[in-house]
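Participant: Residue numbers (mature numbering (1 follows the signal peptide of the UniProt record, and there is no 0)): -24 to -1, 1 to 744.
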């Protein structure tokens, strides 16, 4: 017994010494990161620009003070040349990959170009890794297929006529609309448009009939490419889109039942698409002049009628993207080739051009964020220029793990909502299942790593704990970029330690593409870094909100200017003039703070503010982030108030996994959880509204909210006065989230108007 105790003591001492050695090594690497960070200034003010009392000086990237970057060092004229550069950079390696589907493979003209490189599992902790097989397409094959697709479209009579959109667009343009999730055909069409100077106009696949018809009518497309999954929505919308002549349908993805059916046919009462029969009597308003074609038929047609490439020029229109519509109707954003080239060149000539973060043909990326948003398309163009590989997800975000563990991406780009879902939905539930000793060990190691000089570098901690977690993303991530919305500070610290990957927050808008990003050696959090070299910025005082650029630290509305700024909103001159002033500054509506090192922190949002009856302005996003991050009960939250009221209310979507575990701890018996969960939420609301009594769940959530308020110093008017529980959640499908997972605030206010009125009535009753 004594010998055993001695052995255990020796092992413990050895492990302690090993941890000390590792921590010393981490400090050495951490000193390297911290040293580079302390020496680096993200931006500097330009001399002679501090002459307006309402505005700060103009700031530029620290390495490009004399000139904004508008192109690569070897000048490009069009996005088509980004593809040809990628072909040379990669030595004609693989560009696009998608899941292999044996049932569709042999009758698909696209799959003739597919190759299957030898795969080897590099993920030692995932037994399911590489069960999903990808087929790959070389750069040269993509360019050939792009010619087929473009030639096929041009060979269809009156499919791409030149359309006059003056005065917004100087020259007539050819344009095609696109409605689909990310997939190979999406990017082939994009490459085809670049090859032949066709303007592409993507539409979010989650839009309803009115949004789809509005977007297509605005740009006046005669041809639209749609995924099979949204065909019923298109059929219901076509009578509202009189100019549409061709509907080109993409095959169903990962669907066995279509088999080899690629032929389309139509008679008086039936439309057969990919083997599916659609009864036209269900669509009495369907125009009969519209022709339905398969995407494969366009490829075949183009292969027999090849046109020489005719890419457009730097100042020509490349795309019309739509804003996500958080505050109302989407707007069509006009973008040139030059805007996309400058937007790609800026990052690659700065933070993505460093020796420790540069992109190369060795990099692999999994595409799942919507390509209908500028963020994802810009990521694609940057990767293509670098000769990297891009694989497409399966179309179902719930199966994203299979794709990640099969593809082993080295670059990961996501949005805060997915990080929250990964942490709360995958990691924490697994930890809660463990014993108390294991749970304490996990959080002890996590906190120890977060406090180290470099919380990213591999160590004993990673071997003991975090390798298994990082393998959820494939295990090979070099760096991670978060965008579209602010990533809460504690979540950023936790996730970079858990995933063994540096996580930085970028910033961009549909109107300006990517505009800010930190250096990847920057270990600070809660900032978006400095400007990319393609934009300059300044701050504008907002006195009604208490933000003044003359006091330190400088705070105000972020204004942007440079070669990535859009050319205007299509057919909306008033909105264009509101967004861009006479000196060319884009007014973003974001309130930021300028840090000592020239980096920027987003602190507020001018457009989403609401005003309480006391005259106090409330920024809901920052409050929502605190509550949703620190309360385990909350999966989603929407905060709002009436201008005639003095307190704020919330609509809360509980996290069902946490609620279940919490109720079990409270001694509640659970049988059919899905049914029981809905009943519990409904009962909580009904009991409160009718009987003015809190159920166990409401009490638990209220106590959690109060704890968050105490721990995070949420005081006074920023505290939630009361809340309504919504068990079904906010989704893209029900129209309460934008395609980039932002809250559709005006829709939420309208949908929950009755519930909010009820909460305010109760508040006034309690006030006497």
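The C-beta atom is built at its ideal place from N, Cα and C for all residues, glycine as well. On a predicted model such as this, the values are computed, not experimentally measured, just so you know.
Is the beta carbon of residue 659 sitting closer than 8 Å to the one on residue 671?
Facilitator: Within the chain shown, numbered from 1, the residue matching residue 659 stands at position 683. Within the chain shown, numbered from 1, the residue matching residue 671 stands at position 695. Closer than 8 Å, so yes.
Participant: Assign residue 327 to one of three DSSP states: helix, strand, or coil.
Facilitator: As a first step, residue 327 is located in the chain shown; it is residue number 351 there, counting from the start. Coil at residue 327, not helix or strand.
Participant: In this structure, how does DSSP classify residue 39 when only helix, strand and coil are distinguished?
Facilitator: Sequence index remark: in the chain shown, residue 39 carries index 63 (1-based). If DSSP states are grouped into helix, strand and coil, residue 39 belongs with coil.
Participant: Please classify residue 353 as buried or exposed, where buried requires at least 16 other C-beta atoms within 10 Å of its C-beta.
Facilitator: Your numbering for residue 353 matches position 377 in the chain shown. A residue is called buried once 16 or more other Cβ atoms fall within 10 Å of its Cβ, and residue 353 is buried on that count.
Participant: For the structure I just gave you, are there three or more beta carbon pairs, one from the segment 119 to 139 and one from the segment 252 to 266, closer than 8 Å?
Facilitator: no
Participant: Alpha helix (DSSP H) containing residue 169: first to last residue?
Facilitator: Numbered from 1 along the chain shown, position 193 holds the residue referred to as residue 169. From DSSP, the alpha helix (DSSP H) with residue 169 extends over 160 to 172.
Participant: So within the segment 37 to 74, which uninterrupted alpha helix (DSSP H) runs reach at least 4 residues, ignoring any that extend past its ends?
Facilitator: 56 to 66
Participant: Answer yes or no: do residue 403 and residue 474 have a C-beta to C-beta separation smaller than 8 Å?
Facilitator: Here residue 403 corresponds to residue number 427 of the chain shown, with the count starting at 1. Here residue 474 corresponds to residue number 498 of the chain shown, with the count starting at 1. Yes, they are a contact pair.
Participant: Pop quiz: residue 701 and residue 628 are said to be a contact at Cβ under 8 Å. What is the actual Cβ separation, rounded to whole angstroms?
Facilitator: Numbered from its first residue, the chain shown carries residue 701 at position 725. Numbered from its first residue, the chain shown carries residue 628 at position 652. The pair is a contact, with the Cβ atoms about 6 Å apart (cut-off 8 Å).
Participant: Closer than 6 Å by C-beta to residue 34: which residues in its own chain qualify, once you throw out the five before and the five after it? Chain order, please.
Facilitator: Here residue 34 is taken as the residue at index 58 of the chain shown, counted from 1. So the qualifying residues of the chain are 22, 25, 512, 514.
Participant: Nearest-angstrom Cα distance between residue 526 and residue 567?
Facilitator: Position 550 of the chain shown, counted from the start, is the residue given in the question as residue 526. Position 591 of the chain shown, counted from the start, is the residue given in the question as residue 567. If you take the alpha carbons of residue 526 and residue 567, they lie about 15 Å apart.
Participant: Between residue 201 and residue 154, how many whole angstroms is the CB-CB distance? I'm expecting something under 8 Å.
Facilitator: On the chain shown, residue 201 is found 225 positions in, with the first residue counted as 1. On the chain shown, residue 154 is found 178 positions in, with the first residue counted as 1. Correct: roughly 5 Å between the Cβ atoms.
Participant: Taking DSSP as the reference, what is the three-state secondary structure of residue 219?
Facilitator: Counting from one through the chain shown, the residue named residue 219 turns up at place 243. Note: residue 219 maps to coil in three-state DSSP.
Participant: Grab me the residues of residue 171's own chain with a C-beta within less than 7 Å of its C-beta, minus the 5 sequence neighbours each way, in chain order.
Facilitator: Indexing the chain shown from 1 puts residue 171 at position 195. Taken in chain order, the residues that qualify are 56, 122, 123, 126, 285, 287.
Participant: Decide if the segment 517 to 526 is in contact with the segment 38 to 55; the criterion is three or more beta carbon pairs, one per stretch, under 8 Å apart.
Facilitator: The segment 517 to 526 is not in contact with the segment 38 to 55.
Participant: Is DSSP giving residue 427 helix, strand or coil here?
Facilitator: By 1-based counting over the chain shown, the position of residue 427 is 451. Helix.
Participant: Using a Cβ-Cβ cut-off of 7 Å (strictly less than) and excluding sequence neighbours within five positions of residue 17, which residues of its own chain qualify?
Facilitator: Position 41 of the chain shown holds residue 17. Close CB contacts of residue 17 within its chain, under the 7 Å cut and outside five residues either way in sequence, are with 38, 573, 574 (chain order).
Participant: For residue 687, which of 743, 602, 510, 351 has the nearest alpha-carbon?
Facilitator: The residue given as residue 687 occupies position 711 in the chain shown. The candidate whose alpha carbon is nearest that of residue 687 is 602.
Participant: For the alpha helix (DSSP H) that contains residue 509, what are its first and last residues?
Facilitator: Working through the chain shown from its first residue, we reach residue 509 at position 533. Run containing residue 509: none; DSSP gives neither H nor E here.
Participant: Quick one: Cα of residue 455 to Cα of residue 355, how far?
Facilitator: As a first step, residue 455 must be located in the chain shown, where it is residue number 479. As a first step, residue 355 must be located in the chain shown, where it is residue number 379. Their Cα atoms are separated by approximately 14 Å.
Participant: Using CA coordinates, which residue listed in 169, 464, 347 is at the minimum distance from residue 58?
Facilitator: The sequence position of residue 58 within the chain shown is 82, counting from 1. Considering only alpha carbons, the answer is 169.
Participant: Would residue 79 and residue 161 be called neighbours here (beta carbons separated by less than 8 Å)?
Facilitator: By one-based count along the chain shown, residue 79 stands at place 103. By one-based count along the chain shown, residue 161 stands at place 185. Not closer than 8 Å, so no.
Participant: Roughly how many whole angstroms lie between the Cα atoms of residue 465 and residue 626?
Facilitator: Walking along the chain shown from the start, residue 465 turns up at place 489. Walking along the chain shown from the start, residue 626 turns up at place 650. Using only the alpha carbons, I get a separation of about 22 Å.
Participant: In chain order, what residues of the same chain lie with their CB nearer than 8 Å to the CB of residue 588, ignoring the 5 residues before and after it?
Facilitator: Position 612 of the chain shown, counted from the first residue, corresponds to residue 588. Within its own chain, the residues whose Cβ lies closer than 8 Å to the Cβ of residue 588, once the five positions on either side in sequence are excluded, are 594, 617, 619, 621, 622, 623, 624, 693, listed in chain order.
Participant: In terms of residues, what are the limits of the alpha helix (DSSP H) holding residue 355?
Facilitator: Working through the chain shown from its first residue, we reach residue 355 at position 379. Per DSSP, residue 355 belongs to the alpha helix (DSSP H) from 350 to 361.
Participant: Taking residue 635 as the reference, which of 49, 400, 295 has the closest Cα?
Facilitator: The residue labelled residue 635 in the question sits at position 659 within the chain shown. Looking at the Cα atoms, 400 is the closest of the given residues.
Participant: Taking the runs of the beta strand (DSSP E) that are 3 residues or longer, which of them lie wholly in the segment 373 to 403?
Facilitator: 387 to 390
Participant: Nearest to residue 47 by alpha carbon, out of 306, 179, 453, 539?
Facilitator: In the chain shown, residue 47 corresponds to position 71, counting from 1. When each option's Cα is compared against that of residue 47, the closest is 539.
Participant: Whose C-alpha, out of 186, 424, 339, is nearest the C-alpha of residue 386?
Facilitator: Translated into positions along the chain shown, residue 386 becomes position 410. Of the listed residues, the one whose Cα sits closest to residue 386 is 339.
Participant: DSSP three-state call for residue 688: helix, strand or coil?
Facilitator: On the chain shown, residue 688 is found 712 positions in, with the first residue counted as 1. Here residue 688 sits in coil by DSSP.
Participant: Among 422, 119, 345, which has the Cα closest to the Cα of residue 369?
Facilitator: The sequence position of residue 369 within the chain shown is 393, counting from 1. Ranking 422, 119, 345 by Cα distance to residue 369 puts 345 first.
Participant: For the putative contact between residue 681 and residue 607, defined by C-beta atoms under 8 Å, what is the C-beta separation to the nearest angstrom?
Facilitator: One-based indexing of the chain shown puts residue 681 at position 705. One-based indexing of the chain shown puts residue 607 at position 631. Going by Cβ atoms, the distance from residue 681 to residue 607 rounds to 6 Å, so yes, they are a contact pair.
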